[in-house]
Structure formats: structure tokens, C-alpha cells
Amino acid sequence: MSEPTVPDPSTADAPTGSSAEPTPPDTSADTGDAARDLADVPAVEVITTVAVHLMSASAVKLGLAEDGERHRDLDEARKLITALAGLVTAGAGEISSFHAAPLRDGLKSLQLAFREASLVPDAPGQGPGEKYTGPVLG
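Converting from the sequence shown to our numbering requires adding 1 to each position, the first position being numbered 1.
Next up, the structure:
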């Protein structure tokens, strides 16, 4: 069994750029593994997973999560809902109506929740994501 190595104290204060600086770990193997893992995931799964993450983040920013008022930020919610609307609208034709319908329903619910939470309501067609979905009315 070998003795543990102890750092040489004479190199502890070595100037920047010296050979005593630690080198970053090689992450190329990790990157390759991640790429192989992603290669096995169907596009529909990636799209729906991203959409669900955007929905969850939007709900939190709308204050709909537990302890919601503390996390409420309508400006952030608007951005997330708009991104979700773009993804759902662009991806709907690619993922089939079986997958797109629940995403559209969730998006509409978030848009209506935003309208309800907003002190100054947007004009029809001007709410978050409505440039992609059209006006959303109750």
C-alpha cells in the first residue's frame, strides 16, 4: 500500500502561470457519455420535457406553487410563458396532437392565470405568448 501524497509547501504560493497550478479535470469522457445518452432520447421526449420545465417554472413565477407569493414575478412569468408558447406552437406539428394537446391546455391555463394575476390586464392578443397562440380568453 502506498503512502498518501502530501502537497509540497514550497509550491503553495507559486506565481500564476507556473507548473504548480492544478489542471482542470478532463471532462471529454463525460461529454461523450452525455451526447450518447441524448442520442438515445426521441425528439418528442426532449420537446415535452422542456415544455414541462417551462410550465413548472411559469407556475412558480405566477405564484401558483406552495409558498407562491414569495416567488411571484410576473415579468419572469411572461418570459417563460412566451418561450413555452413558441416551443409548443413550433413543435406541435412535429410531436403529434397526442402529445401537443396537453401542452396546449397547460399553456392556455398559464396564460389565463397570468391574465388573472396581472393588475393591469393586457389587451387581447398582447398577453404572454399570444403572438404565437392568438388571443386567449376565459
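Ideal Cβ placement from N, Cα and C applies to all residues, glycine included.
Note that this is a predicted model, so its numbers are computed, not measured.
Should residue i be labelled buried (16 or more other beta-carbon atoms within 10 Å of its own) or exposed?
| i | result |
| --- | --- |
| glutamate 117 | exposed |
| arginine 71 | exposed |
| lysine 62 | buried |
| glutamate 131 | buried |
| arginine 37 | exposed |
| glycine 107 | buried |
| proline 129 | buried |
| leucine 81 | buried |
What residue from the options has the CA that sits closest to residue i's CA?
| i | options | result |
| --- | --- | --- |
| threonine 49 | Arg71, Gly87, Lys80 and Asp68 | Gly87 |
| glutamate 77 | Asp41, Leu39, Val137 and Leu55 | Leu55 |
| histidine 100 | Glu46, Ala35 and Asp34 | Glu46 |
| proline 43 | Pro125, Leu85, Leu138 and Glu95 | Glu95 |
| proline 103 | Asp123, Val53 and Asp31 | Val53 |
| leucine 120 | Leu75, Val51, Leu85 and Ala93 | Leu75 |
| alanine 60 | Phe115, Leu39 and Val89 | Phe115 |
My output table needs one value for residue i: the three-state DSSP class, helix, strand or coil.
| i | result |
| --- | --- |
| leucine 55 | helix |
| glycine 126 | coil |
| threonine 50 | helix |
| leucine 39 | helix |
| valine 137 | coil |
| aspartate 14 | Confidence in aspartate 14 is poor, its pLDDT being 47 and thus under 50, which makes the residue's placement too unreliable to answer from. |
Quiz item: What are the start and end residues of each continuous alpha helix (DSSP H) run of 4 or more residues lying completely inside the stretch 58 to 124, in chain order?
Solution: Listed in chain order, they are 69 to 72 and 75 to 118.
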